[in-house]
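Quick notes on the structure that follows.
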């Protein structure tokens, strides 16, 4: 991505700035009340027909909120915001776009909506990166006095606060559905996915498999080497499970040394083959940080969901019974 290709300025810290934007996980999300309220406040405060909250992506300005503009995004080379993010500490105010050499030939100026005025306050996160802008625009030239500039700056602070609150809420939501030790899905998240898969299977007739896994020999490691070593083993087992399954399969830790996998249908990779692959992966000795090498096995129970299975609870009972039988036979399969 070059400045010549986009025909607009690019900050020297563009890669870091983009990572900051992506860290908010907000691009292409639906409208939200907090941001729409701020665009309405901005439009009313400055008596303009349009106000926008825009996030600058690699090649586009995407609008989290927009009032008075029909498009969800703009090519970066057309966005006035591309110039605003160059100076995070300053407002960009253009009193007459048609008389500014940077914008006089911009289609937004020469064609509908025939914009003439732009004022944008960069949305600056804690590390100083400009994520985008809160901007007000008009189709007639105008000026901003010092008080109005201060108001626009204050609104930009409120937008950043809303972004930070949104990110914290998302993080807490993910934490609530994640096993803190392994980073896998936890039981509530797994059950939610399972019920969704059961409903899809009943609707389409597409079967899928549920695997329940229980480690063999894990208690011995905990007793001999301590719980810290046991945690190392669980993290490594989780890593190997993720490596063994396909990207579209869902892996969870239920607690202790119990795991589950939702295996979407694949004639080329049936569930029993996956179970064998998991058994082989986990049986490879695990090197502990203290220097010891330990081994665990795994017992696997498999249940297949067909249209006859009414609920996720029934399928879980089937998988649990299969696991019990596997452990009863002392098999690692």
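Numbering (our numbering), first residue to last: 12 to 344. For every residue, glycine included, the Cβ atom is placed at its ideal position computed from N, Cα and C.
Whose C-alpha, out of the options, is nearest the C-alpha of residue i?
{"i": "residue 250", "options": "223, 221, 292, 281", "result": "292"}
{"i": "residue 335", "options": "259, 239, 222", "result": "222"}
{"i": "residue 312", "options": "303, 289, 301, 300", "result": "289"}
{"i": "residue 212", "options": "231, 323, 81", "result": "323"}
{"i": "residue 99", "options": "110, 134, 113", "result": "134"}
{"i": "residue 102", "options": "157, 149, 114", "result": "157"}
{"i": "residue 340", "options": "325, 310, 315", "result": "310"}
{"i": "residue 262", "options": "50, 316, 299, 200", "result": "200"}
{"i": "residue 166", "options": "62, 85, 281", "result": "62"}
{"i": "residue 72", "options": "113, 176, 29, 56", "result": "29"}
{"i": "residue 79", "options": "90, 51, 70", "result": "51"}
{"i": "residue 94", "options": "38, 21, 47", "result": "21"}
{"i": "residue 175", "options": "24, 36, 23", "result": "36"}
{"i": "residue 302", "options": "236, 218, 282", "result": "236"}
{"i": "residue 145", "options": "74, 267, 41", "result": "74"}
{"i": "residue 244", "options": "294, 208, 209, 217", "result": "294"}
So what does DSSP say about residue i, is it helix, strand or coil?
{"i": "residue 304", "result": "strand"}
{"i": "residue 234", "result": "helix"}
{"i": "residue 245", "result": "helix"}
{"i": "residue 240", "result": "helix"}
{"i": "residue 349", "result": "Absent from the model: residue 349. The displayed extent of the chain is 12 to 344, so no value can be given."}
{"i": "residue 158", "result": "helix"}
{"i": "residue 323", "result": "helix"}
{"i": "residue 115", "result": "coil"}
{"i": "residue 259", "result": "coil"}
{"i": "residue 21", "result": "coil"}
{"i": "residue 122", "result": "coil"}
{"i": "residue 208", "result": "helix"}
{"i": "residue 253", "result": "helix"}
{"i": "residue 34", "result": "coil"}
{"i": "residue 309", "result": "strand"}
{"i": "residue 91", "result": "coil"}
{"i": "residue 14", "result": "At residue 14, the pLDDT of 37 sits below 50, so the modelled position is not reliable and the matter cannot be decided from this model."}
Using the C-alpha atoms, what's the distance from residue j back to residue i?
{"i": "residue 122", "j": "residue 163", "result": "27 Å"}
{"i": "residue 327", "j": "residue 43", "result": "37 Å"}
{"i": "residue 125", "j": "residue 150", "result": "6 Å"}
{"i": "residue 152", "j": "residue 143", "result": "23 Å"}
{"i": "residue 106", "j": "residue 202", "result": "57 Å"}
{"i": "residue 160", "j": "residue 45", "result": "21 Å"}
{"i": "residue 129", "j": "residue 81", "result": "17 Å"}
{"i": "residue 215", "j": "residue 204", "result": "16 Å"}
{"i": "residue 177", "j": "residue 27", "result": "21 Å"}
{"i": "residue 34", "j": "residue 338", "result": "44 Å"}
{"i": "residue 84", "j": "residue 186", "result": "31 Å"}
{"i": "residue 193", "j": "residue 112", "result": "55 Å"}
{"i": "residue 179", "j": "residue 173", "result": "10 Å"}
{"i": "residue 10", "j": "residue 319", "result": "Since the displayed the chain opens at 12 and closes at 344, residue 10 lies outside it and no answer follows."}
{"i": "residue 115", "j": "residue 136", "result": "31 Å"}
{"i": "residue 329", "j": "residue 182", "result": "34 Å"}
{"i": "residue 89", "j": "residue 25", "result": "18 Å"}
{"i": "residue 10", "j": "residue 23", "result": "Not covered by the structure: residue 10. The range shown for the chain is 12 to 344."}
{"i": "residue 410", "j": "residue 70", "result": "Only positions 12 to 344 of the chain appear in this structure, which leaves residue 410 out of reach."}
{"i": "residue 325", "j": "residue 38", "result": "39 Å"}
{"i": "residue 41", "j": "residue 19", "result": "28 Å"}
{"i": "residue 10", "j": "residue 32", "result": "Because the chain here runs from 12 to 344, residue 10 falls outside it and cannot be looked at."}
{"i": "residue 283", "j": "residue 234", "result": "32 Å"}
{"i": "residue 17", "j": "residue 141", "result": "With a pLDDT of 42 at residue 17, under the threshold of 50, the modelled position of this residue cannot be trusted; read the value that follows with caution. Their backbone Cα atoms lie some 18 Å apart in a straight line."}
{"i": "residue 197", "j": "residue 270", "result": "9 Å"}
{"i": "residue 57", "j": "residue 171", "result": "20 Å"}
{"i": "residue 266", "j": "residue 55", "result": "53 Å"}
Anyone know if the C-beta pair for residue i and residue j falls short of 7 Å?
{"i": "residue 96", "j": "residue 67", "result": "yes"}
{"i": "residue 139", "j": "residue 92", "result": "no"}
{"i": "residue 76", "j": "residue 59", "result": "no"}
{"i": "residue 256", "j": "residue 220", "result": "no"}
{"i": "residue 331", "j": "residue 264", "result": "no"}
{"i": "residue 87", "j": "residue 108", "result": "no"}
{"i": "residue 195", "j": "residue 240", "result": "no"}
{"i": "residue 188", "j": "residue 307", "result": "no"}
{"i": "residue 297", "j": "residue 247", "result": "yes"}
{"i": "residue 252", "j": "residue 169", "result": "no"}
{"i": "residue 333", "j": "residue 321", "result": "no"}
{"i": "residue 53", "j": "residue 120", "result": "no"}
What residues are listed by DSSP as bridge partners for residue i?
{"i": "residue 219", "result": "275, 316"}
{"i": "residue 77", "result": "63"}
{"i": "residue 129", "result": "105, 148"}
{"i": "residue 183", "result": "Answer is none; residue 183 lacks a bridge partner."}
{"i": "residue 269", "result": "225, 266"}
{"i": "residue 288", "result": "According to DSSP, residue 288 bridges with nothing at all."}
{"i": "residue 340", "result": "Answer is none; residue 340 lacks a bridge partner."}
{"i": "residue 143", "result": "66, 134"}
{"i": "residue 72", "result": "67, 85"}
{"i": "residue 333", "result": "Note: residue 333 sits in no beta bridge, so no partner."}
{"i": "residue 298", "result": "304"}
{"i": "residue 196", "result": "189, 263"}
The ligand NAD and residue i: does any heavy atom of the ligand fall closer than 6 Å to the residue's C-beta?
{"i": "residue 32", "result": "In terms of ligand content, the structure shown is empty, and the ligand NAD therefore cannot be addressed."}
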